[in-house]
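Here the sequence shown stands for residues 33 to 124, numbered as in the working numbering.
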Amino acid sequence: MALSIVDSCVNCWACYDVCPSDAIYQGSPHFEINAKKCTECEGDYAHPQCATICPIEEAILDAAGVPMNPPGSLTGIPPELMAEAMAEYRAR
Ligand code: SF4
Ligand code: SF4
33 MALSIVDSCV NCWACYDVCP SDAIYQGSPH FEINAKKCTE CEGDYAHPQC
83 ATICPIEEAI LDAAGVPMNP PGSLTGIPPE LMAEAMAEYR AR
C-alpha cells in the first residue's frame with residue numbers, strides 16, 4: 033500500500049519534510065514516493081501527511097489511483113464551474 037505522485041506535481045518540496053518514513057524523494061521531472069517505504073502514514077498519523085500538505089489538486093494518488101485531493105477540494109471551486117470558466121478563458 034502506497035501513495036504516488038503524478039505529473040501535476042509542481043516540485044514545491046512541501047511534502048518532502050513531512051513524511052515520517054522518508055519515502056519521498058526528488059525524482060525527475062517531479063517528486064516521487066518510494067512504494068517500499070510508504071506506510072500511508074499508518075501508525076504515525078491519522079491522515080497521509082503528504083496529501084494533507086500538498087497544495088496541488090490531483091498531484092497525489094492513493095493506492096487505487098484515486099486523487100487524494102480531488103478537483104475542487106482545495107480551491108473550493110466546483111469542477112464544473114472551473115471547466116466553464118476555463119472554456120470562457122480559452123475562447124477569448
Ligand atoms: S503517505 Fe505518509 S508515508 Fe507515504 S509518502 Fe505520504 S507522508 Fe510518506
Ligand atoms: S507537496 Fe505536492 S506539489 Fe509539492 S512536491 Fe509534494 S507532491 Fe509535488
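Backbone N, C-alpha and C fix where the C-beta goes; we use that ideal spot for every residue, glycine too.
| field | Beta-carbon gap between C70 and L35 smaller than 7 Å | value | In this structure, L35 lies closer than 7 Å to C70 by Cβ.
| request: Output yes or no for whether 7 Å exceeds the beta carbon distance between E64 and I37. | output: Yes. Within cutoff.
| query | Would you call the stretch 46-65 and the stretch 100-107 in contact, with 3 or more CB pairs under 8 Å? | reply | no
| field | Secondary structure of P80, DSSP reduced to three states | value | coil
| request: With DSSP as the reference, please indicate the residues paired to I92 in a beta bridge. | output: I37
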